[in-house]
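Visitor:
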Amino acid sequence: MSAAVFSSTVTRVEDGALAVGGVDVRELAGQYGTPLYVIDEQDMRARAAAFRDHFAAAFGRHGAEVDVFYASKAFLSSKVARWMRAEDLCLDVASLGELELALRGGMPAARIGLHGNNKSDAELRRALEVGVGRIIVDSFTEIETLDAIAREMGAVAPVLVRVTTGVHAGGHEYIATSHEDQKFGLSLASGAAFQALVACHDAAGIRLNGIHTHIGSQILSLAAFEESAERMLGLRATLHAEYGIELPEVDLGGGYAIRYTPHGEALSAHDAAQGMAEAVAAAMAKVGGTWPRFSIEPGRAIAGPAGMTLYRVGVVKHVALEDGGQRQYVAVDGGMSDNMRTITYGAEYTATIASRLSDAEPELSRVVGKHCESGDIVVRDVELPHDIARGDLLAVPATGAYGRVMAHNYNAALRPAVVSVRDGESTVHIRRDTLEDLFSWDVAPD
812 MSAAVFSSTV TRVEDGALAV GGVDVRELAG QYGTPLYVID EQDMRARAAA FRDHFAAAFG
872 RHGAEVDVFY ASKAFLSSKV ARWMRAEDLC LDVASLGELE LALRGGMPAA RIGLHGNNKS
932 DAELRRALEV GVGRIIVDSF TEIETLDAIA REMGAVAPVL VRVTTGVHAG GHEYIATSHE
992 DQKFGLSLAS GAAFQALVAC HDAAGIRLNG IHTHIGSQIL SLAAFEESAE RMLGLRATLH
1052 AEYGIELPEV DLGGGYAIRY TPHGEALSAH DAAQGMAEAV AAAMAKVGGT WPRFSIEPGR
1112 AIAGPAGMTL YRVGVVKHVA LEDGGQRQYV AVDGGMSDNM RTITYGAEYT ATIASRLSDA
1172 EPELSRVVGK HCESGDIVVR DVELPHDIAR GDLLAVPATG AYGRVMAHNY NAALRPAVVS
1232 VRDGESTVHI RRDTLEDLFS WDVAPD
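This is the structure we're talking about:
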């Protein structure tokens, strides 16, 4: 087991099984079944607090304030929303469902931001009705629609304009979000972003509060953030110079990388905060003006490392390779229905036997799911003991983000439960699907 990949409270008990939050994983599997998403509450909340405190300190040295927005799309339950409120974070949502979960968890509407490139009228109306703190507009169509809805409701919509800066970073092309040829935001290079800012300022139903950008996910280098911050603050300075409009807020996005494998790298909250504060200070020295209030979005960096998935091993088989070697295929009771990232993004994970220790020789292994797809792979390459067998528990760390939220019912699979653990106690966040759930969606023949 590589401690660097697992959450902070994961240990091995005397007989070799893993424990998290003081709870033996065999107990969790026995009580809740497998596959099972397990959240280390202490770890997740500590990560949230680290981003809050490090960014407050780094920007505070320049007299600026920073809001940290937790990414609902990484993982959200009403209990997690309650945790983020307790840690004094804000929350970004991108659908009506996420908005309602955030409210259900007690997150004040004023600390919620509504994202999305194609928000429905119902989502915009609900956001205005409950008084969300910011609506991040993504197109001229949305600006016109939101203005009309707000005036009809007798409201004023607090808005940030999403800017495509042309700076993009991250891993897979599908998670880079600030290059020109993609669906998000309004282009800085073409002048669309500037025009959108003017349009929002002139709209009676809109209060223009600032600008927002997001350049990608799973980002290790701060260089791209530095360039993006300079362009964003340059845009803010130009708007002030030409129209006398000084925007009070700038959201610099986030998407900081986490470690998925023992050899992977991560961007710590401390390093991200120091680097971003220095980049902003350098940019402000160039463009001048007063410092705005900033916000950042750590994305998976809070939820991802705090979670693991437990599987039960089923079939184990050994396959001869063309080079004369051998690969051990370890099939588990989940797969692409509970972790889409491997098949979608080519994501890399690691795994370890969680229910015991083994002194058997390690063998090149591939952890696969039970679905009818050859691409149904959980962990592409990992060394696992040769004696791994049916009934063993397998733990895959760093699955706290984009696991349960992307889970689905392919092959009529039942989506796993989500539980959190802390101080020897476990709590259900989302219950496991049942066959009755599946039947409730099916309209039976007459």
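Position 259, counted from 1, in the sequence shown is what my numbering calls 1070; the numbers after and before it change by one each time, with no gaps. Idealized CB from N, CA, C, for every residue including glycine.
1. Using CA coordinates, which residue listed in Arg856, Gly908, Leu887 and Pro1116 is at the minimum distance from aspartate 899?
2. Does the Cβ of leucine 1175 have 16 or more other Cβ atoms within 10 Å, making it buried, or fewer, making it exposed?
3. In terms of alpha-carbon separation, which member of Val1230, Ala1223 and Ile1154 lies closest to phenylalanine 1250?
4. Taking all protein chains shown into account, decide if cysteine 1183 is buried (16 or more other Cβ within 10 angstroms of its Cβ) or exposed.
5. Taking the straight line between their C-alpha atoms, what separation do you get for alanine 867 and isoleucine 1199?
6. Could you tell me the alpha carbon to alpha carbon distance between arginine 1138 and proline 1173, rounded to whole angstroms?
7. Let me know if glycine 1186 comes out buried or exposed under the rule of 16 or more other beta-carbons within 10 Å of its beta-carbon.
8. For alanine 1162 and leucine 829, which I take to be in contact (beta-carbon distance under 8 Å), what is that distance rounded to the nearest angstrom?
9. With a cut-off of 8 Å on the beta carbons, I'd call arginine 1152 and tyrosine 1213 a contact; round off their distance for me.
10. Would you mind listing the alpha helix (DSSP H) stretches within the stretch 909-948 that are 4+ residues and don't spill past its ends, in chain order?
11. Which same chain residues, not among the five before or five after glutamine 1085, have their C-beta less than 6 Å away from its C-beta?
12. Put proline 1103 into one of helix, strand or coil per three-state DSSP.
13. Say whether the stretch 1141-1155 touches the stretch 1239-1253, bearing in mind that this needs 3 or more beta-carbon pairs closer than 8 Å, one atom from each stretch.
14. Ordered along the chain, which non-local residues of its own chain (more than five positions away) have a Cβ less than 8 Å from that of histidine 1012?
15. Below 8 Å, can you find three or more Cβ-Cβ pairs linking the stretch 1107-1127 to the stretch 1073-1090?
16. Report all residues from its chain with a CB closer than 8 Å to the CB of glutamate 984; omit the five preceding and five following residues, and keep chain order.
17. Taking contact to mean 3 or more Cβ pairs, one atom from each stretch, closer than 8 Å, check whether the stretch 829-846 and the stretch 877-888 are in contact.
18. Between the C-alpha atoms of glycine 981 and glutamate 1037, what's the straight-line distance to the nearest angstrom?
19. Rounding to the nearest angstrom, what Cα-Cα distance links proline 1116 and alanine 1010 in this structure?
20. Using only CA atoms, which one of Gly942, Arg936 and Val974 lies nearest to aspartate 958?
21. Tell me the DSSP bridge mates of alanine 1142?
22. Select from Val943, Asp932 and Leu907 the residue whose C-alpha is nearest the C-alpha of alanine 920.
23. For alanine 1120, report the span of its beta strand (DSSP E) as first-last.
24. Closest to histidine 873 by CA distance: which of Gly908, Pro1103, Gln993 and Ala966 is it?
25. Would a C-beta distance cut-off of 9 Å place aspartate 826 and leucine 1204 closer than the cut-off?
26. Below 7 Å CB to CB, which residues in the same chain sit around histidine 865 once its five sequence neighbours on both sides are set aside?
27. With a cut-off of 8 Å on the beta carbons, I'd call glycine 916 and valine 891 a contact; round off their distance for me.
28. Nearest by alpha-carbon distance to leucine 775: which of His1129, Val1216 and Lys1181 is it?
29. Excluding sequence positions up to five away, which residues of its chain have a Cβ less than 8 Å from the Cβ of tryptophan 1002?
30. Helix, strand or coil for valine 970 per DSSP?
31. Just how far apart, CA to CA, sit valine 1193 and alanine 1209?
32. Can you name, in chain order, every residue of its own chain whose Cβ lies under 8 Å from the Cβ of methionine 964, other than the five neighbours on each side?
33. Measuring alpha carbon to alpha carbon, tell me which residue in Pro1256, Gly1027, Gly1075 and His1023 is nearest proline 1059.
34. Excluding the 5 residues flanking valine 849 on each side, which residues of the same chain have their C-beta closer than 7 Å to its C-beta?
35. Could you give the DSSP three-state label for glycine 1064: helix, strand or coil?
Guide: A quick look at the data gives this:
1. Arg856
2. exposed
3. Ala1223
4. exposed
5. 47 Å
6. 11 Å
7. exposed
8. Alanine 1162 to leucine 829, Cβ: 12 Å. No contact.
9. 6 Å
10. 932-941
11. Ala869
12. coil
13. no
14. Leu1019, Tyr1054 and Ile1056
15. yes
16. Low per-residue confidence applies at glutamate 984: pLDDT is 43, beneath 50, and the placement is therefore not dependable, though the value from the model is reported in the following sentence. Cβ within range, chain order: n/a, list empty.
17. no
18. The pLDDT assigned to glycine 981 is 49, lower than 50, so where the model puts this residue is not dependable; a value taken from the coordinates is nonetheless given after this. In a straight line, the C-alpha of glycine 981 is about 14 Å away from that of glutamate 1037.
19. 41 Å
20. Arg936
21. Val1179
22. Val943
23. It is threonine, not alanine, that sits at residue 1120 in the sequence shown. Here the beta strand (DSSP E) through threonine 1120 covers 1118-1131.
24. Pro1103
25. no
26. Ala1080, His1081 and Ala1084
27. 7 Å
28. Outside the shown range of the chain (812 to 1257) lies residue 775, about which nothing can therefore be said.
29. Tryptophan is not the amino acid found at residue 1002; the sequence shown has glycine there. Excluding positions up to five away in sequence, the list is empty.
30. strand
31. 15 Å
32. Arg936, Leu939 and Glu940
33. His1023
34. Val831, Leu839, Gly1118, Met1119, Leu1121, Val1230 and Val1232
35. strand
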